[in-house]
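Colleague: Under the numbering used here, think of the first position of the sequence shown as 1, with each following residue one higher.
For reference, the structure I am asking about is given below.
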Amino acid sequence: MHVGVNSLSDIAYNFLIGGDGNIYIGRGGTVANEDMPDAIDVAYIGNYFAPFDQVSEKMNEAGIRLCAWLQKIKWIQQDFIVVAHNQTQANIDSPGENVYKKIIIWPNYDPGLYIH
1 MHVGVNSLSD IAYNFLIGGD GNIYIGRGGT VANEDMPDAI DVAYIGNYFA PFDQVSEKMN
61 EAGIRLCAWL QKIKWIQQDF IVVAHNQTQA NIDSPGENVY KKIIIWPNYD PGLYIH
């Protein structure tokens, strides 16, 4: 997924969420994002640009459960925020509008820009 791209030797995501609603470990929660070391990167497996894949309720709930679990084990703070990839890099369409329209209604979503 990212091996050999931008000098990465591994997948960039800490966790991935599958179409089955399962949560998969990528780099795990203890490997920091090189550009944003205080971030945990989560990807939904698929193509979420309309008219392609839709985020199922199972997948949406898995994302929310993952955040709650990361909070419980103290890998993220109680006042964590959720932002999309397109809020952290200029000229990026990721994660696709079908993911974006789900996460913008999550309780910890922050609409701000965090361009690095």
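Beta carbons are placed, not taken as given, at the ideal position from N, Cα and C, and that holds for glycine.
Would Asp41 be called buried (16 or more neighbouring beta carbons within 10 Å of its own) or exposed?
Modeller: When all chains shown are included, Asp41 counts as buried.
Colleague: Pull up the distance between the alpha-carbon of Gly28 and that of Lys101, whole angstroms please.
Modeller: Approximately 26 Å, taken between the alpha carbons.
Colleague: Starting from Tyr44, follow the beta strand (DSSP E) in both directions and report where the run begins and ends.
Modeller: Here the beta strand (DSSP E) through Tyr44 covers Val42 to Tyr44.
Colleague: Considering only DSSP beta bridges, list what Ile17 is partnered with.
Modeller: Answer is Ile23 and Tyr44, bridged to Ile17.
Colleague: For Trp106 and Ala50, I'd like the C-alpha separation in whole angstroms.
Modeller: Roughly 20 Å separates the two Cα atoms.
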